[in-house]
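>
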Amino acid sequence: MIRSMKIMCAFALMLFIEQIAAEEKPAKTIDESLHILELTVVEQKPLSGPNQEVYLANCVTCHTTRYVSMQPVLSEKKWGDEVTKMVKVFGAPIPEEQAAQIVKYLVAVNTNKK
Ligand code: HEC
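Residues 62 to 175 in the working numbering are what the sequence shown lists, from first letter to last.
1. Tell whether a beta-carbon distance below 8 angstroms holds between Val129 and Val144.
2. Less than 7 angstroms between C-beta atoms, sequence neighbours within five positions excluded: which residues of the same chain meet that for Asn112?
3. Would you call Cys123 buried or exposed, if buried means 16 or more other Cβ atoms sit within 10 Å of its Cβ?
4. Tell me which residues share the same chain as Val115 and place their Cβ nearer than 8 angstroms to its Cβ, disregarding the 5 neighbours each side in the sequence.
5. If we ignore side chains and look at the alpha-carbon of each, how far apart do Ser136 and Gln105 end up?
6. Where does Met147 land, buried or exposed, given buried means 16+ other C-beta within 10 angstroms?
7. For a quick check, are the C-beta atoms of Leu108 and Val170 less than 8 angstroms apart?
8. Could you tell me if Val102 is buried or exposed, where buried requires 16 or more neighbouring beta carbons within 10 angstroms of its beta carbon?
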């Protein structure tokens, strides 16, 4: 009985010492763990055109303001299909009359002039 108590005490002491040793490890300084990443800031002013505010209200919830200018030049019909796709496939909540206004904006600004 006494022997097993001694073993238990020795074990507890070992655990205690181990814990102290762990706490004494020097903590990493901020300089060692801090990495500075330089990112390019991209100008995100929307292209100006008719119904710009309708476009901003409906499309930039999912895309950047300049997403349109990254697309190939599309016809009015294709832009119409694109907006319909956003509604039907991706669930964009765009009322029909606003969709037509957005298509006008898209056609006006999507000229490949940045
Ligand atoms: C609910 C989120 C959502 C909204 C709102 C939204 N889109 Fe999209 N759009 C998407 C997703 C998702 C994709 C597919 C992205 C991919 O494939 O990487 C996409 C892709 C596109 C593409 C690339 C061509 C394609 O068909 O994949 C265009 C152009 C586009 N959207 C235009 C628009 C325009 C214009 C509006 C506003 C009328 C709009 N989106 C609103 C989610 C959205």
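Glycine is no exception: its CB is placed at the ideal position from the N, C-alpha and C atoms. For clarity, every value in this text was computed on a predicted model and none was experimentally measured.
Considering the structure as presented:
1. By 1-based counting over the sequence shown, the position of residue 129 is 68. By 1-based counting over the sequence shown, the position of residue 144 is 83. Cβ atoms of Val129 and Val144: not closer than 8 angstroms.
2. As a position in the sequence shown, residue 112 is number 51, starting the count at 1. Counting only Cβ-Cβ distances below 7 angstroms, and skipping sequence neighbours, we find Gln162, Ile163, Lys165 and Tyr166.
3. In the sequence shown, the residue the question calls residue 123 occupies position 62. With fewer than 16 other Cβ atoms within 10 Å, it is exposed.
4. Start at 1 with the first residue of the sequence shown, and residue 115 comes out as number 54. For Val115, where only same-chain residues beyond five positions count, the Cβ hits under 8 angstroms are Gln159, Gln162, Ile163 and Tyr166.
5. Residue numbering aside, residue 136 sits at position 75 when the sequence shown is read from its first letter. Residue numbering aside, residue 105 sits at position 44 when the sequence shown is read from its first letter. Those two C-alpha atoms are separated by around 24 angstroms.
6. Translated into positions along the sequence shown, residue 147 becomes position 86. Buried, since its Cβ has 16 or more Cβ neighbours within 10 Å.
7. As a working mapping, residue 108 is identified with position 47 in the sequence shown. As a working mapping, residue 170 is identified with position 109 in the sequence shown. Cβ distance < 8 angstroms, so Leu108 and Val170 count as in contact.
8. The residue you call residue 102 lines up with position 41 of the sequence shown. With fewer than 16 Cβ atoms within 10 Å of its Cβ, Val102 is classed as exposed.
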